[in-house]
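Quick note: the sequence shown uses the numbering used here, first residue -10, plus one each step.
Note that CB positions come from ideal geometry on N, CA and C, so glycine has one too.
All values reported here derive from a predicted model rather than from experimental measurement.
To start, the structure itself, in structure tokens.
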Amino acid sequence: MINLQNILTEIFQLTKTIETDYPELYHFLEENPMTIPSESHPSIDKKILQDYLDSLRQLLKHHLDTRKNIEEQ
-10 MINLQNILTE IFQLTKTIET DYPELYHFLE ENPMTIPSES HPSIDKKILQ
40 DYLDSLRQLL KHHLDTRKNI EEQ
């Protein structure tokens, strides 16, 4: 079972990878609806962080898949 610290570490590492290796994606991180709370004082728990990590992974995967398809054409 993944603990909260591991999730935060993965988020940091993936964000750093996106910032360093895929700067064209970095501006999407600020626009990601997962980062915009709908409440004044949102409660952040393990599930929310895991969902955010999953969304980062999906963003990068989609970008890589799209890039691969473009390069194959």
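- Excluding residues up to 5 positions away in sequence, Leu42, Leu45, Arg46, Leu49 lie with their Cβ nearer than 8 Å to the Cβ of Leu3 in the same chain.
- Asp34 sits in coil when the DSSP states are folded into three classes, being neither helix nor strand.
- Around the C-beta of Ile7, 16 or more other C-beta atoms lie within 10 Å, and the residue is accordingly described as buried.
- Following the DSSP letters along the chain, one finds Asn(-5) inside the alpha helix (DSSP H) bounded by residues -7 to 10.
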